[in-house]
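Novice:
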Amino acid sequence: MRYVSTRGSSPDAQHSSAPTFTEILLGGLAPDGGLYLPESYPQVTASELAQWRRLSYADLAFAVLGRFITDIPPADLQALIRRTYTPQVYSNGRSDSPAGDITPLRWLERPNAASGEGGLAILELSNGPTLAFKDMAMQLLGNLFEYVLAKRGEQINILGATSGDTGSAAEYAMRGKAGVHVFMLSPHQRMSAFQRAQMYSLQDDNIHNIAVRGMFDDAQDIVKAVSNDHAFKARYKIGAVNSINWARVAAQVVYYFKGYFAATEGLGDSEDQQVAFAVPSGNFGNICAGHIARMMGLPIGRLVLATNENDVLDEFFRSGVYRPRATGETHATSSPSMDISKASNFERFVFDLLGRDAAMVRKLWAEVDAGRSFDLSATPFFARLPEFAFVSGNSTHADRLQTIRQTFATYGVMIDTHTADGLKVGSELRSADMPMIVLETALPAKFEETIVEALGRKPERPAGLQGIEDLPQRVEVIDVSVDAVKQIIERQLG
Ligand SMILES: *Cc1c(COP(=O)(O)O)cnc(C)c1O
53 MRYVSTRGSS PDAQHSSAPT FTEILLGGLA PDGGLYLPES YPQVTASELA QWRRLSYADL
113 AFAVLGRFIT DIPPADLQAL IRRTYTPQVY SNGRSDSPAG DITPLRWLER PNAASGEGGL
173 AILELSNGPT LAFKDMAMQL LGNLFEYVLA KRGEQINILG ATSGDTGSAA EYAMRGKAGV
233 HVFMLSPHQR MSAFQRAQMY SLQDDNIHNI AVRGMFDDAQ DIVKAVSNDH AFKARYKIGA
293 VNSINWARVA AQVVYYFKGY FAATEGLGDS EDQQVAFAVP SGNFGNICAG HIARMMGLPI
353 GRLVLATNEN DVLDEFFRSG VYRPRATGET HATSSPSMDI SKASNFERFV FDLLGRDAAM
413 VRKLWAEVDA GRSFDLSATP FFARLPEFAF VSGNSTHADR LQTIRQTFAT YGVMIDTHTA
473 DGLKVGSELR SADMPMIVLE TALPAKFEET IVEALGRKPE RPAGLQGIED LPQRVEVIDV
533 SVDAVKQIIE RQLG
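For the sequence shown, this note's numbering assigns the number 53 to the initial residue and increments by one for each residue that follows.
(1) Does any heavy atom of ligand 1 sit closer than 7 Å to the C-beta of residue 470?
(2) Determine the direct distance from the alpha carbon of residue 326 to that of residue 96, and round the result to whole angstroms.
(3) Within the same chain, show all residues whose beta-carbon is closer than 7 Å to that of residue 176, passing over the 5 residues directly before and after it, in chain order.
(4) Just to confirm my understanding: we take residue 426, look at its own chain, exclude 5 residues before and 5 after, and list those with CB closer than 8 Å. What are they?
(5) Would you tell me roughly how many angstroms separate the C-alpha atoms of residue 303 and residue 536, rounded to the nearest one?
(6) Please confirm whether residue 271 and residue 527 have their CB atoms less than 8 Å apart.
(7) What do you get for residue 260, buried or exposed, if any count of 16 or more other CB atoms within 10 angstroms of its CB means buried?
(8) From what residue to what residue does the beta strand (DSSP E) around residue 367 run?
(9) Checking 8 Å against the spacing of the C-beta atoms, do residue 228 and residue 258 come in under that value?
(10) Should the stretch 269 to 283 be regarded as contacting the stretch 90 to 106, the criterion being three or more beta carbon pairs within less than 8 Å?
(11) Contact between the stretch 501 to 509 and the stretch 389 to 407 is defined here as three or more beta-carbon pairs at a separation below 8 Å; is this criterion met?
(12) Measuring straight from C-alpha to C-alpha, what distance separates residue 162 and residue 170?
(13) State yes or no: is the C-beta of residue 332 nearer than 7 Å to some heavy atom of ligand 1?
(14) Tell me whether residue 217 counts as near ligand 1, meaning its Cβ is closer than 7 Å to at least one heavy atom of that ligand.
(15) Determine, using beta carbons only, whether residue 399 and residue 87 come nearer to each other than 8 Å.
(16) Do residue 370 and residue 441 come within 8 Å of each other at the CB atom, strictly closer than that value?
(17) Which term fits residue 446, buried or exposed, when burial requires 16 or more other beta carbons within 10 angstroms of its beta carbon?
(18) Could you tell me which of 269, 279, 215, 498 sits nearest to residue 388, measuring between CA atoms?
(19) Is residue 339 near ligand 1, with its Cβ less than 7 Å from a heavy atom?
(20) Let me know if residue 192 comes out buried or exposed under the rule of 16 or more other beta-carbons within 10 Å of its beta-carbon.
(21) Is residue 453 closer than 8 Å to residue 178 when the C-beta atoms are compared?
(22) Near residue 591, what residues of its chain come up, given a Cβ to Cβ distance below 7 Å and the 5 sequence neighbours on each side ignored?
(23) Under three-state DSSP, which class holds residue 390?
(24) Run the proximity test for residue 292: is its beta-carbon closer than 7 Å to any non-hydrogen atom belonging to ligand 1?
(25) Distance cutoff 8 Å, beta carbons only. Does residue 58 sit that close to anything in chain C?
(26) Tell me, which residues are paired with residue 328 by DSSP?
(27) Taking all protein chains shown into account, decide if residue 484 is buried (16 or more other Cβ within 10 angstroms of its Cβ) or exposed.
(28) Roughly how far, in whole angstroms, is the beta-carbon of residue 376 from the beta-carbon of residue 473, given that I think they are within contact range, below 8 Å?
(29) Can you find a heavy atom of ligand 1 that lies under 7 Å from the Cβ of residue 390?
(30) Tell me whether residue 300 sits in a helix, a strand or coil according to DSSP, three-state version.
(31) Are there 16 or more other CB atoms within 10 angstroms of the CB of residue 300, so buried, or fewer, so exposed?
(32) Does the beta-carbon distance from residue 313 to residue 105 come in below 8 Å?
(33) Using the Cα positions of residue 480 and residue 160, report the straight-line distance between them to the nearest angstrom.
(34) By Cβ distance, which residues of its chain are closer than 6 Å to residue 53, with the 5 residues on each side in sequence left out?
(35) Who are the Cβ neighbours of residue 436 in its own chain at under 7 Å, not counting the five residues just before and after it?
(36) Spell out a yes or no on whether the stretch 281 to 290 and the stretch 198 to 214 are touching, meaning 3 or more CB-CB pairs, one atom from each, closer than 8 Å.
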C-alpha cells in the first residue's frame, strides 16, 4: 500500500515513488501541505467480514491495519498490535463495564423488530489510560514509533497541539519512550481541571507542556508554522501525532468494524445489515475513520456528525459552505475537545468528495489557508453528499445538560459532555431500520464540573486517578508566538 497527498504532489522529492506507511508515519503533513491517504481503499468482502466478526479486538486490528501497513513484517506488526490492545491498558472503564473487552458496546435500547425500533447503543472507546477515545489510536502510535525508530536508530521530537485529549493521550503513549521527546501545546486555561492535571502533572524528562494564551486553533497554527519551516523541522527532527497523522486515522477505523459486529450480532446471518454511527466531532479525525471504514465496504448506512456550538462542520453538511471561524468566533464550551473551527482532517473527506481531484483541493485550501471560506452548494459535489451517508446536527450547553440528565434517569448511564452531543444528535437522526451506535469519546470523570452542574453529583473516577489535581504541575505559559515555541525546543534539545 502506498500513499498520496490530498494536494497531489506525491511522489515527493525524497521518494522515487509514492511513500509507504512507515515513510509517512513519523512526518505530519505531506511536503505540499496536503494530508496523506491510501492510493485506494482496500475492499473487504462479505465473507471476510463474516470471518472478522469472530476476531478479538487485537486480531481484528491486525486484519484491518494489515491492509494499510504493508511494510512492517506481519509477525512484527501482529506482536506490536497484540501488545497494544490488552485488557490491562484498556481497563479504566466504568465499574460495570465488562472486563477484558477493549471497546464494549452498551445498549441503551436494544433493537426490537416487533416494535420497529432500530436500537440505540454507546460504543465505549474511553477505557484507556487517559479516559478518552484518543487512547485507541495513540497507544498504537507509541508502539509503532518505538518500533520504527529502533529499526532505524533514529530519534524524533513530537510537536503537537491539543484541545485537551490528544495531548494527554500522546504524552501517556510516549512517556519514557527512548528516542522520543514530546512538546505539547495547549490553550491556556481552556481545558478542564482534570485534563490539565493529567498532562501537566507528568514529570517524565521527555514530556514538555506549553500552554498558549489563545485558543486551540492558535496552538494548531503554531504547529503548522513550525512544521512549514523545513530547515527547523529537519534540524530538530520534528514529527507529529496530532489528528492529521495517518496512523491515528487508520487505527480508528478498527473500532467501527468492532462496533458494527457487536451491534449486529444476532440480527441475522448476512453481513448486509446496516448500522448508523453518531460521532461527536471537532477535527474530523474520528468520523473520517468511519468514512474510510465505509469506503472499505463496511455496511454503514449513516454517519451522523455532531458538533457543539462550534458548528462549522454542521454548517457545511447542511449548506455546502465551509466557513472556518476566526479565533474570536470560537466558543469556549462545556465540550471543549470539540471547540474547533478549522477541522484539519476535513480535507481528507473533501478530497474523496471531489472525486480525488487534488488540483481542486489545492484551490479550495488556498482559500481556507488564507482565512476565507469556500462554497460547494452550487456544484454537483454537494448533491453527492448523500452518497457518502453523511448527515449532521449540533448541540448546545443546554442540550448537553438535558441529555446527560435524561440518559442517567432513563438508562442509569452517566455520559460525558462530548458523548452527550453525539447522543443528542444521534437520537434525532435514528431510524427503525438500523441500530444507532453513539461513539463514546470520553468518560464523565474528565468533565466533572459539567456533570455536577447536570446531575448534582460527581462521576465515578478510576481508582488510580483520585486526587490527580493535587499533584505538582510542570507547564510553561507563552503568548501566541511561533518563535517562543522554537526557542523552547532549541533550549531543550540544545
Ligand atoms: C478529540 C475529541 C473529539 C473530537 O474528535 P475529532 O477526531 O477531532 O473529530 C470529541 N470528543 C472528545 C472527548 C475528544 O477528545
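For every residue, glycine included, the Cβ atom is placed at its ideal position computed from N, Cα and C.
Specialist: The structure says:
(1) Numbered from its first residue, the sequence shown carries residue 470 at position 418. Yes, the beta carbon of residue 470 sits closer than 7 Å to at least one heavy atom of ligand 1.
(2) Counted from its first residue, the sequence shown places residue 96 at position 44. Counted from its first residue, the sequence shown places residue 326 at position 274. If you take the alpha carbons of residue 96 and residue 326, they lie about 15 Å apart.
(3) The residue labelled residue 176 in the question sits at position 124 within the sequence shown. Within the same chain, residue 176 has close Cβ partners 145, 149, 155, 156, 158, 492.
(4) Translated into positions along the sequence shown, residue 426 becomes position 374. Closer than 8 Å at the Cβ level, and outside the excluded window around residue 426, lie 373, 374, 416, 419, 420.
(5) Against the sequence shown, residue 303 aligns to sequence position 251. Against the sequence shown, residue 536 aligns to sequence position 484. Distance between the alpha carbons of residue 303 and residue 536: 33 Å.
(6) Indexing the sequence shown from 1 puts residue 271 at position 219. Indexing the sequence shown from 1 puts residue 527 at position 475. No; because the gap between Cβ atoms is not below 8 Å, this pair is not in contact.
(7) Within the sequence shown, residue 260 is the residue found at index 208, counting from 1. The residue in question, residue 260, is buried, as its Cβ has 16 or more Cβ neighbours within 10 Å.
(8) The sequence position of residue 367 within the sequence shown is 315, counting from 1. No beta strand (DSSP E) contains residue 367, which is instead part of the alpha helix (DSSP H) from 364 to 371.
(9) Mapped onto the sequence shown, residue 228 falls at position 176. Mapped onto the sequence shown, residue 258 falls at position 206. Yes, the pair counts as a contact, with Cβ atoms nearer than the cut-off.
(10) no
(11) no
(12) Taking the sequence shown and counting its residues from 1, the one referred to as residue 162 is at position 110. Taking the sequence shown and counting its residues from 1, the one referred to as residue 170 is at position 118. Rounded to the nearest angstrom, the two C-alpha atoms are 8 Å apart.
(13) Looking up residue 332 in the sequence shown gives position 280. Yes, since a heavy atom of ligand 1 falls inside the 7 Å radius drawn around the Cβ of residue 332.
(14) Locating residue 217 in the sequence shown gives position 165, where the first residue counts as 1. True, at least one ligand heavy atom lies under 7 Å from that Cβ.
(15) Start at 1 with the first residue of the sequence shown, and residue 399 comes out as number 347. Start at 1 with the first residue of the sequence shown, and residue 87 comes out as number 35. Yes, Cβ-Cβ distance for residue 399 and residue 87 is below 8 Å.
(16) The residue given as residue 441 occupies position 389 in the sequence shown. The residue given as residue 370 occupies position 318 in the sequence shown. Cβ atoms of residue 441 and residue 370: not closer than 8 Å.
(17) Your numbering for residue 446 matches position 394 in the sequence shown. So residue 446 counts as buried.
(18) Here residue 388 refers to the residue found at position 336 of the sequence shown. Nearest C-alpha to residue 388: 215.
(19) As a first step, residue 339 must be located in the sequence shown, where it is residue number 287. The answer is yes for residue 339.
(20) On the sequence shown, residue 192 is found 140 positions in, with the first residue counted as 1. That one is buried.
(21) Taking the sequence shown and counting its residues from 1, one reaches residue 178 at position 126. Taking the sequence shown and counting its residues from 1, one reaches residue 453 at position 401. The answer is no: Cβ separation not under 8 Å.
(22) Residue 591 lies beyond the residue range present for the chain, which begins at 53 and ends at 546; the question has no answer from this structure.
(23) Taking the first residue of the sequence shown as position 1, residue 390 is located at position 338. Helix at residue 390.
(24) Position 240 of the sequence shown holds residue 292. Answer for residue 292: no, Cβ out of range of ligand 1.
(25) Structure shown: chain C not included; a single protein chain is present.
(26) Working through the sequence shown from its first residue, we reach residue 328 at position 276. Bridge partners of residue 328: 354, 488.
(27) Here residue 484 is taken as the residue at index 432 of the sequence shown, counted from 1. Residue 484 should be labelled exposed.
(28) Start at 1 with the first residue of the sequence shown, and residue 376 comes out as number 324. Start at 1 with the first residue of the sequence shown, and residue 473 comes out as number 421. Not quite, the Cβ-Cβ distance comes to about 20 Å (not below 8 Å), so this is no contact.
(29) Reading the sequence shown from its first residue, position 338 is the one you call residue 390. Residue 390: yes, Cβ under 7 Å from ligand 1.
(30) Walking along the sequence shown from the start, residue 300 turns up at place 248. In the structure shown, residue 300 sits in a helix (DSSP, three-state: H, G or I).
(31) By 1-based counting over the sequence shown, the position of residue 300 is 248. Per the 10 Å Cβ criterion, buried.
(32) The residue you call residue 313 lines up with position 261 of the sequence shown. The residue you call residue 105 lines up with position 53 of the sequence shown. Cβ atoms of residue 313 and residue 105: closer than 8 Å.
(33) Position 428 of the sequence shown, counted from the first residue, corresponds to residue 480. Position 108 of the sequence shown, counted from the first residue, corresponds to residue 160. Roughly 15 Å between the two C-alpha positions.
(34) Locating residue 53 in the sequence shown gives position 1, where the first residue counts as 1. Cβ neighbours of residue 53 beyond the five flanking positions: 90, 120, 122.
(35) Locating residue 436 in the sequence shown gives position 384, counting from the first residue. So the qualifying residues of the chain are 405.
(36) yes
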